[in-house]
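This report concerns only the one structure given below.
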Amino acid sequence: MTPTADHSPPRVPDPARLAQVQALGDLHEPYAHGAAADALFLAAMNEILDWHRQRNPFYARLLDQHGLRDARVASIADCAALPPIHANFFKTHEVCSVAPEDVVLHLTSSGTTGQKSQMFFDAWSIGAGQAMVEKIFRHYGWIQDTAVNYLLVSYEPQPNMKTGTSWTDHSLMRYAPAHDARYVLRATGSGGHEFDIFGTIRALQDFAEQGLPVRIFGFPAFVNATLERMRALGLPPLTLAPGSMTFFGGGWKGQADKAIPKAQLQARIEEQLGIPTALVRDGFGSVEHSVPYVECPRHRFHVPVWSRVVVRDVATLAVLPAGQPGFLHFLAPYFTAAPTQSVLMGDLAAWYPGETCGCGLAAPWFDLLGRAGQGKNRSCAVAAAELLKGNAA
């Protein structure tokens, strides 16, 4: 496998009617915020509004119900005033804006049971999302031609498996050739998975001996459990090769009682695996909103040029100023397969101006504070976390 950094850029399904959407997706600098970027963002938002209004009866009715039949936006405040769709809506409804024959990928947000977000992707929607990841990886210098070893802390693929985290982690292998790849959640052969903690320890030991950089992608809870088991067994720390990194996603949902502070996990990984804390990164995203958010070296989620972030009061849904906690609300005018340009999440967050980070990026950033409520809806991380119950250190 070789990196696919030079592949042809994805193309919108209607170049004449989505020219600004294409131009926004083609931007190469992932954190180039400013007046010009805002103007392009707004032009793209107006195009995507027309796209879904004309092709999606549900979305047309939603705008009508809010008195926005012919809605146009001229500011980010106008975008925030559009009726958001809660992410949970996609757990019980399928609302496509493209024909069935144009769907090239179907992903779900949960593991094996429970309510699932059903997201359908046309070629542009999935291609644009992948291009965003590639540009962010390039920004941080993570695209290379030399081989690395992968520890995939996610579900080992099975036929017809559609969970978003497994697909994402596997797709991240495109940015450096794989010398070897090991899965932490192994397929049982009967449709399920189990946490192979001793196989994970052996993989880390093998990788340390081989001397190649290691990329660890997936759920942080399983890495923490592995490191705890290594300590309990009296195993010495490992020194993974320079250039090794982690890229976590999914959080600790479903295992909040076992979660440790992020800084503590970073320090533990540096101590036991030799990966510097600046390269112990988190990613954040969802199938309902597929723009990737990747931590900077100071562990802040800066907002890419392809999206904007609003935080809303949990009681009134009023837009909140910097530093105030509330519901995370994403705006992104690129997704043509479904009307996800304004999605309200169940995650709690606070946003801050870019200059308050100190990493050098001007783009605003947000801090994740947790999830509001604990219902029956299960994400990939919730389903995966249940596999930890029988593997307590």
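Using this note's numbering, you'd call the opening residue of the sequence shown number 1344 and step up by one each time. A virtual CB, placed ideally from N, CA and C, is assigned to each residue, including glycine.
- Per DSSP, reduced to three states, the secondary structure at Arg-1651 is strand.
- Contact between Arg-1525 and Ala-1546 is confirmed by a C-beta separation of about 4 Å, below the 8 Å threshold.
- Sequence-distant Cβ neighbours of Gln-1607 in its own chain, meaning closer than 6 Å and more than five residues away, do not exist here.
- Given a length threshold of 3 residues, each whole run of the beta strand (DSSP E) inside the segment 1515 to 1592 is given here in chain order: 1521 to 1530, 1536 to 1538, 1557 to 1561, 1588 to 1591.
- According to the DSSP assignment, Trp-1467 belongs to the alpha helix (DSSP H) that extends over 1466 to 1482.
- For Val-1446, there is no enclosing alpha helix (DSSP H); the enclosing beta strand (DSSP E) has its first and last residue at 1446 to 1451.
- Closest in alpha carbon position to Met-1462, among Glu-1499, Asp-1381, Ser-1440, Arg-1517, is Ser-1440.
- Inclusion of Met-1688 and Phe-1673 in the CB contact set at 8 Å is warranted, their separation being smaller than that value.
- DSSP places Asp-1656 outside both helix and strand once states are collapsed to three, so it counts as coil.
- Between the C-alpha atoms of Tyr-1695 and Gly-1532 there is a straight-line separation of about 47 Å.
- As computed with DSSP, Asp-1710 is found in a beta bridge with Ala-1693.
- Straight through space, the alpha carbons of Ala-1414 and Leu-1405 are spaced by roughly 11 Å.
- Cβ neighbours of Leu-1515 within its own chain (closer than 6 Å, five residues either side excluded): Phe-1560.
- Arg-1404: member of the alpha helix (DSSP H) spanning 1400 to 1408, first to last residue.
- Counting along the chain, the unbroken beta strand (DSSP E) around Leu-1671 starts and ends at 1669 to 1674.
- Boundaries of the alpha helix (DSSP H) around Gly-1368: 1362 to 1369.
- The beta carbon of His-1522 is closer than 6 Å to those of Ala-1490, Asn-1492, Leu-1555 in its chain, skipping five residues each way along the sequence.
- When C-beta atoms of the segment 1381 to 1390 are compared with those of the segment 1359 to 1369, three or more pairs fall below 8 Å, so the two segments count as touching.
- By the Cβ test, the segment 1629 to 1642 is in contact with the segment 1422 to 1439, since at least three Cβ pairs between them sit closer than 8 Å.
- Of the residues assessed, Leu-1495 falls on the buried side of the cut-off, its CB having 16 or more other CB atoms within 10 angstroms.
- Straight-line spacing of the CA atoms in Pro-1619 and Pro-1579 works out to 18 Å.
- When only Cα atoms are considered, Val-1686 and Leu-1581 end up about 42 Å apart.
- Gly-1666 is the residue among Pro-1676, Leu-1671, Gly-1666, Leu-1711 whose C-alpha sits nearest the C-alpha of Thr-1699.
- For the 8 Å CB-CB criterion, Pro-1353 and Ala-1442 do not form a contact.
- Secondary structure at Glu-1614: helix, using DSSP grouped into helix, strand and coil.
- The continuous stretches of beta strand (DSSP E) do not include Asp-1357, and DSSP gives it neither H nor E.
- Following the DSSP letters along the chain, one finds Asp-1625 inside the beta strand (DSSP E) bounded by residues 1623 to 1629.
- Within the model, the alpha-carbon separation for Pro-1635 versus Gln-1553 is close to 31 Å.
- Ranked by Cα distance from Gly-1542, the options Pro-1563, Val-1527, Asp-1656 are led by Val-1527.
- For the set Arg-1360, Tyr-1374, Asp-1357, Glu-1499, the Cα lying nearest the Cα of Trp-1649 is the one of Tyr-1374.
- With fewer than 16 other Cβ atoms inside 10 Å of its own Cβ, Thr-1659 counts as exposed.
- Between His-1642 and Gly-1697, the C-beta gap is not smaller than 8 Å, which leaves the two residues out of contact.
- Distance between Asp-1656 and Asp-1421, taken at the CA atoms: about 17 Å.
- The residue from Ala-1661, Phe-1627, Arg-1396, Thr-1683 with its alpha-carbon nearest to that of Phe-1709 is Phe-1627.
- As a beta-bridge residue in DSSP terms, Asn-1492 pairs with Asp-1523, Val-1557.
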